[in-house]
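Undergrad: Below you will find the structure I want to go over with you.
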Amino acid sequence: MSIITLTTDFGLKDGNVGVMKGVILAIAPEVQIVDLSHQISAQNILEAAFILHRAAPYFPDDTIHVVVVDPGVGTDRRPLAARLGPQYFVGPDNGLITLWLIHIEEKGLTAEFFHLDQPQYWLDEVSHVFHGRDIFSPVAAHLASGVLLRELGTAITNPVRLEFPHPERTPNGWRGEVVYLDSFGNIATNLRFEHLKEQQVTTVLLDSVRITKMVSAFGDCPPGELVVLYSSTGNLIISEVNGNAAQRLCVKVGDTIEVIVK
Amino acid sequence: MSIITLTTDFGLKDGNVGVMKGVILAIAPEVQIVDLSHQISAQNILEAAFILHRAAPYFPDDTIHVVVVDPGVGTDRRPLAARLGPQYFVGPDNGLITLWLIHIEEKGLTAEFFHLDQPQYWLDEVSHVFHGRDIFSPVAAHLASGVLLRELGTAITNPVRLEFPHPERTPNGWRGEVVYLDSFGNIATNLRFEHLKEQQVTTVLLDSVRITKMVSAFGDCPPGELVVLYSSTGNLIISEVNGNAAQRLCVKVGDTIEVIVK
Amino acid sequence: MSIITLTTDFGLKDGNVGVMKGVILAIAPEVQIVDLSHQISAQNILEAAFILHRAAPYFPDDTIHVVVVDPGVGTDRRPLAARLGPQYFVGPDNGLITLWLIHIEEKGLTAEFFHLDQPQYWLDEVSHVFHGRDIFSPVAAHLASGVLLRELGTAITNPVRLEFPHPERTPNGWRGEVVYLDSFGNIATNLRFEHLKEQQVTTVLLDSVRITKMVSAFGDCPPGELVVLYSSTGNLIISEVNGNAAQRLCVKVGDTIEVIVK
Chain A
1 MSIITLTTDF
11 GLKDGNVGVM
21 KGVILAIAPE
31 VQIVDLSHQI
41 SAQNILEAAF
51 ILHRAAPYFP
61 DDTIHVVVVD
71 PGVGTDRRPL
81 AARLGPQYFV
91 GPDNGLITLW
101 LIHIEEKGLT
111 AEFFHLDQPQ
121 YWLDEVSHVF
131 HGRDIFSPVA
141 AHLASGVLLR
151 ELGTAITNPV
161 RLEFPHPERT
171 PNGWRGEVVY
181 LDSFGNIATN
191 LRFEHLKEQQ
201 VTTVLLDSVR
211 ITKMVSAFGD
221 CPPGELVVLY
231 SSTGNLIISE
241 VNGNAAQRLC
251 VKVGDTIEVI
261 VK
Chain B
263 MSIITLTTDF
273 GLKDGNVGVM
283 KGVILAIAPE
293 VQIVDLSHQI
303 SAQNILEAAF
313 ILHRAAPYFP
323 DDTIHVVVVD
333 PGVGTDRRPL
343 AARLGPQYFV
353 GPDNGLITLW
363 LIHIEEKGLT
373 AEFFHLDQPQ
383 YWLDEVSHVF
393 HGRDIFSPVA
403 AHLASGVLLR
413 ELGTAITNPV
423 RLEFPHPERT
433 PNGWRGEVVY
443 LDSFGNIATN
453 LRFEHLKEQQ
463 VTTVLLDSVR
473 ITKMVSAFGD
483 CPPGELVVLY
493 SSTGNLIISE
503 VNGNAAQRLC
513 VKVGDTIEVI
523 VK
Chain C
525 MSIITLTTDF
535 GLKDGNVGVM
545 KGVILAIAPE
555 VQIVDLSHQI
565 SAQNILEAAF
575 ILHRAAPYFP
585 DDTIHVVVVD
595 PGVGTDRRPL
605 AARLGPQYFV
615 GPDNGLITLW
625 LIHIEEKGLT
635 AEFFHLDQPQ
645 YWLDEVSHVF
655 HGRDIFSPVA
665 AHLASGVLLR
675 ELGTAITNPV
685 RLEFPHPERT
695 PNGWRGEVVY
705 LDSFGNIATN
715 LRFEHLKEQQ
725 VTTVLLDSVR
735 ITKMVSAFGD
745 CPPGELVVLY
755 SSTGNLIISE
765 VNGNAAQRLC
775 VKVGDTIEVI
785 VK
């Protein structure tokens with residue numbers, strides 16, 4: 001049984017996610033559909049890219065990830081399907097795959113990209129405003145049913161890639177950026193375990209706030225304490241134990257952090 | 263494998279949607295359950311009717327749509343099951359099917375209605391406050407398992423129908439109403455493609471705001487622009503490109519719009 | 525086909541619930557996964573316990589309930605699997621099962637508890653911050669696939685139990701507590717049908733508000749009226765017909781209520 005995951009900025013009220021599932025199940029009745037997130041901030045491609053690349057490695061081979069964050073729907077942006085290592089992506093060609101693709105390339109796996117241009121695999125009527133329903137859902141369902149990528153479109157080699165901020169070395173450590181705030185208020189940065197390796201973090205500076213408690217689990221400090229630790233996917237994060245660090249510190253994505261190491 | 267969709271005003275926190283799924287799967291373990299929406303505004307039958315009738319056409323034949331927006335639960339309002347063309351409805355008889363039924367009748371399809379009065383297809387104990395769990399979920403599951411509609415209840419011919427506002431002609435166009443605000447802040451009106459046909463919209467007036475950009479896709483204008491276009495289900499909508507028109511214009515459902523055509 | 529339910533305080537935005545489903549489906553592709561709630565207030569074990577014990581009885585035998593509200597993740601709190609009557613629990617040993625276990629014991633059913641200490645049933649890498657993904661999801665999937673509880677861990681007899689407030693008799697009735705506010709604003713108390721039995725409630729006092737309308741269904745009084753009735757799971761609740769009693773009365777969990785009976 002194939003798995004199709006769905007990630008959108010549609011929210012859960014309007015029924016549009018349900019409609020995509022109806023379209024998928026009409027073509028591929030046996031598929032398992034998993035919601036990854038439908039609360040991506042409206043039109044926020046970077047946020048969807050971040051959530052997708054963190055989640056994809058935990059899904060089995062042949063999983064098809066449909067992502068519809070699509071400010072260019074109805075314009076000439078290309079509809080895309082791709083194979084990234086052992087899994088698939090279906091969605092607009094606007095950079096959504098960037099972080100996942102970097103990960104795939106770092107692991108030495110191959111990727112293939114196809115411009116979706118075979119309307120026989122779409123709904124009969126295609127609107128200018130909802131390709132998630134009219135193109136991406138039926139394409140994913142046909143892929144799950146055994147249609148090959150190369151039947152769904154024409155091979156291309158230049159999918160859109162977005163620039164993501166990289167951390168930089170400083171005299172006594174690193175300068176990075178806040179890249180995600182999760183629902184607990186954990187502040188995720190773009191500094192990763194691979195950057196710091198055996199370097200020991202002594203202080204994290206976020207605007208004028210100094211945090212000096214480095215822990216390995218939230219429960220290592222009492223509630224209310226600000227701590228620094230690695231997230232479950234390897235990013236350096238700043239948290240308040242049993243609290244909401246993002247709210248307390250009024251942090252937003254893009255803010256600078258300084259890390260001092262020894 | 264049958265599909266059962268669920269639409270409620272329960273929200274997703276309290277576990278009541280999960281309970282309905284438990285009840286369904288205990289009777290029909292192989293069914294595919296799809297959430298259409300659980301964020302209908304509390305007791306808002308019109309809103310649920312709007313979301314249901316937009317979504318139903320995208321589901322395969324024999325899909326069973328369970329809708330529980332039920333301010334009259336425990337009173338003498340009838341529990342209902344219906345066949346609308348090739349699909350099914352299960353829920354309270356309070357008008358939830360109105361728009362979908364109009365659509366079915368316009369297409370010349372048949373519909374049948376049954377007052378659910380056979381408690382052997384319900385849970386053993388039926389509360390006065392949660393028929394979604396005690397009556398509608400088990401009935402839908404039995405229907406998915408092959409029980410016939412006429413075994414579940416007694417045929418009736420007078421399901422409750424609600425009045426929905428119709429657009430009216432004006433000397434230079436149409437007067438309509440706002441009928442739905444979606445999670446992107448798109449403002450959907452009750453003016454549809456079928457009303458306007460080859461008439462060309464030149465201006466939309468919403469209170470004192472004039473909108474004159476008619477586009478076919480969101481990306482046809484720069485971010486921040488107010489535009490008018492057709493939604494993916496054929497309603498005339500007012501949108502802000504990459505923004506939230508409903509918030510910006512302080513619009514609410516029921517507000518009047520004027521459309522000038524040439 | 526086995527059922528696994530998921531209850532967490534993760535919210536639905538960050539993709540972490542989807543990741544748990546990916547992990548489960550990689551091990552047990554045929555399982556039915558049901559979301560019970562992912563909007564438990566952060567770290568609120570009592571709230572999760574309340575939602576779990578209300579929902580579990582409606583699921584079929586052998587259902588596996590995974591609950592991840594886990595402020596102690598990464599510390600020495602034990603990971604737990606349990607059999608409670610005919611169903612299973614998997615999650616941290618922090619009291620989440622308390623109310624459900626009381627219910628099981630009252631019904632004279634047996635329960636067994638196992639400290640999860642067999643890492644061969646976990647993901648290869650176990651983080652200090654996300655045991656929902658690394659331990660509880662794979663354990664639940666192996667349990668669904670036929671691995672026995674005693675293979676997953678070591679039997680224990682002292683799972684953590686939390687104290688929940690009990691209602692007390694007063695000269696003319698009962699004194700209880702608000703234990704849950706649902707998404708409709710219904711105010712659930714810890715006074716239950718079993719306490720009151722044939723006693724007739726004449727008045728409920730909540731701070732300085734007196735409520736004297738006792739009804740059996742919401743629709744028995746006109747919109748806006750404050751009423752007292754039994755919830756679908758047997759708790760005495762205070763509601764505003766078609767309104768939000770919790771907001772109107774500024775109630776919070778833990779507030780005292782007085783019930784006068786005759």
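In the order they appear, the protein sequences are chains A, B and C. According to this note's numbering, the stretch in the first sequence is residues 1 to 262, in order. According to this note's numbering, the stretch in the second sequence is residues 263 to 524, in order. According to this note's numbering, the stretch in the third sequence is residues 525 to 786, in order. Glycine included, every Cβ here is placed at the ideal spot set by N, Cα and C.
Helix, strand or coil: how does DSSP classify L453(B) here?
TA: Strand, per DSSP.
Undergrad: Locate the alpha helix (DSSP H) running through Q349(B), then write down its first and last residues.
TA: Careful: Q349(B) lies outside any alpha helix (DSSP H), inside the beta strand (DSSP E) at Q349 to P354.
Undergrad: Please give me, in chain order, every unbroken run of the beta strand (DSSP E) with length at least 3 that falls completely inside the stretch 461 to 503 of chain B.
TA: 463 to 468, 471 to 473, 488 to 492 and 497 to 502
Undergrad: Can you give the beta carbon distance from G132(A) to T8(A), rounded, assuming they're within the 8 Å contact cut?
TA: 6 Å
Undergrad: Can you tell me which of P747(C), N714(C) and R602(C) puts its alpha carbon nearest to the alpha carbon of L705(C)?
TA: N714(C)
Undergrad: Can you confirm whether the stretch 412 to 425 of chain B touches the stretch 344 to 362 of chain B when touching is taken to mean that 3 or more C-beta pairs between the two stretches lie within less than 8 Å?
TA: yes
Undergrad: Which residues in the same chain as H300(B) place their Cβ atom closer than 8 Å to its Cβ, once the five residues preceding and following it in sequence are excluded?
TA: Here the set comprises L268, T269, T270, D271, F272, G273, L274 and V279.
Undergrad: Can you give me the C-alpha to C-alpha distance between E125(A) and I313(B), rounded to a whole angstrom?
TA: 20 Å
Undergrad: Give, in chain order, every residue of the stretch 172 to 197 of chain A whose Cβ lies closer than 7 Å to some Cβ of chain C.
TA: D182, S183 and F184
Undergrad: Output the boundary residues of the alpha helix (DSSP H) element that contains R607(C).
TA: R607(C) -> not in any alpha helix (DSSP H); beta strand (DSSP E) instead, spanning P603 to L608.
Undergrad: Measuring only the C-alpha atoms, how far is A288(B) from V328(B)?
TA: 17 Å
Undergrad: Per DSSP, what are the beta-bridge partners of L363(B) in this structure?
TA: The partner list for L363(B) (beta bridge, DSSP) is empty, contrary to what the question assumes.
Undergrad: Taking DSSP as the reference, what is the three-state secondary structure of G72(A)?
TA: coil
Undergrad: Going along chain B, which residues have a C-beta under 8 Å from T75(A)?
TA: Near T75(A) (Cβ distances below 8 Å), the residues of chain B are A479, G481 and D482.
Undergrad: Taking the Cβ atom as the reference point for each residue, do P79(A) and L116(A) lie within a distance shorter than 8 Å?
TA: The Cβ-Cβ distance between P79(A) and L116(A) falls below 8 Å.
Undergrad: Considering only residues of the same chain and omitting the five flanking positions on each side of S755(C), which have a CB-CB separation below 8 Å?
TA: N710, A712 and I761
Undergrad: What does the alpha-carbon distance come out to for the pair D62(A) and A144(A)?
TA: If you take the alpha carbons of D62(A) and A144(A), they lie about 8 Å apart.
Undergrad: When the cut-off is 8 Å and only beta carbons count, does N242(A) lie next to chain C?
TA: yes
Undergrad: When burial is assigned at 16 or more other CB atoms within 10 Å of the CB, is G435(B) buried or exposed?
TA: buried
Undergrad: Say yes only if the C-beta of N16(A) is nearer than 7 Å to one or more non-hydrogen atoms of the ligand ADP, and no if none qualify.
TA: Only the bare structure without any ligand can be found here, which leaves the ligand ADP out of the picture.
Undergrad: My output table needs one value for Q301(B): the three-state DSSP class, helix, strand or coil.
TA: coil
Undergrad: Can you give the Cα-Cα distance for T203(A) and V259(A), rounded to whole angstroms?
TA: Roughly 6 Å between the two C-alpha positions.
Undergrad: From V227(A) to S707(C), what does the alpha carbon distance come to, in whole angstroms?
TA: Inter-residue distance for V227(A) and S707(C) is about 33 Å (C-alpha atoms, whole angstroms).
Undergrad: Among A290(B), F392(B) and K524(B), whose alpha-carbon lies nearest the alpha-carbon of E460(B)?
TA: K524(B)
Undergrad: For A111(A), I'd like the list of residues in its chain whose CB is within less than 8 Å of its CB, leaving aside the five on either flank, ordered along the chain.
TA: A82, R83, L84, G85, L101, I104 and E105
Undergrad: Looking only at C-alpha atoms, which of Q43(A), I45(A), L46(A) and V68(A) sits nearest to D35(A)?
TA: V68(A)
Undergrad: Rounding to the nearest angstrom, what Cα-Cα distance links P695(C) and V725(C) in this structure?
TA: Computed Cα separation, rounded: 14 Å.
Undergrad: Can you check whether the CB of S763(C) is closer than 8 Å to the CB of L753(C)?
TA: Yes. Within cutoff.
Undergrad: For P138(A), count neighbouring C-beta atoms within 10 Å of its own C-beta (all shown protein chains included) and say buried if the count is 16 or more, exposed if not.
TA: buried
Undergrad: Is there a Cβ from chain A that is less than 8 Å from the Cβ of R602(C)?
TA: no
Undergrad: Just grab the DSSP bridge partners of G280(B) for me.
TA: BP columns for G280(B) are empty, so no partner.
Undergrad: Mark R472(B) as exposed unless 16 or more other C-beta atoms lie within 10 angstroms of its C-beta, in which case mark it buried.
TA: exposed
Undergrad: So the candidates are Q118(A), S127(A) and V31(A); which of them puts its Cα closest to the Cα of A141(A)?
TA: V31(A)
Undergrad: What would DSSP say about V702(C), mapped onto helix, strand or coil?
TA: strand
Undergrad: Name the chain B residues that come within less than 7 Å of H128(A), Cβ to Cβ?
TA: S478 and A479
Undergrad: Using a Cβ-Cβ cut-off of 8 Å, state whether Q43(A) counts as contacting chain B.
TA: yes
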